[in-house]
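Below: one structure, written as structure tokens.
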Amino acid sequence: MWTAFPRGEWVDLRTGDPEQDDVAAAGHWDDDRVVRAEVIAALLLGGVARVLSRR
0 MWTAFPRGEW VDLRTGDPEQ DDVAAAGHWD DDRVVRAEVI AALLLGGVAR VLSRR
């Protein structure tokens, strides 16, 4: 997420299994699929510099 955010890239934490990706089961997801609020806040509040790209 730290490298994708400044570039405007997507971060996809889905497994590809619709049953496992159901948000109703989020309480059972592994830690590598959980994004803490502190991380999101840091990104939104300027925790990393934006990378300009030529598209």
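If you're matching positions, the sequence shown starts at 0 in numbering that gives the first Met the number 0 and goes up one per residue.
Glycine is no exception: its CB is placed at the ideal position from the N, C-alpha and C atoms.
Predicted model only: the values in this text are computed from it and were never measured.
With respect to the C-alpha of ASP31, the residue from ARG6, GLU37 and THR14 having the closest C-alpha is THR14. Boundaries of the alpha helix (DSSP H) around PRO17: 17 to 20. Sequence-distant partners of TRP9 (beyond 5 residues in either direction) whose C-beta falls short of 8 Å from its own C-beta, in its chain, are ALA3. Exclusion of the five residues before and after GLY45 leaves no residue of its chain whose Cβ lies closer than 8 Å to its Cβ. Taking 8 Å as the cut-off, the Cβ atoms of MET0 and VAL34 count as close.
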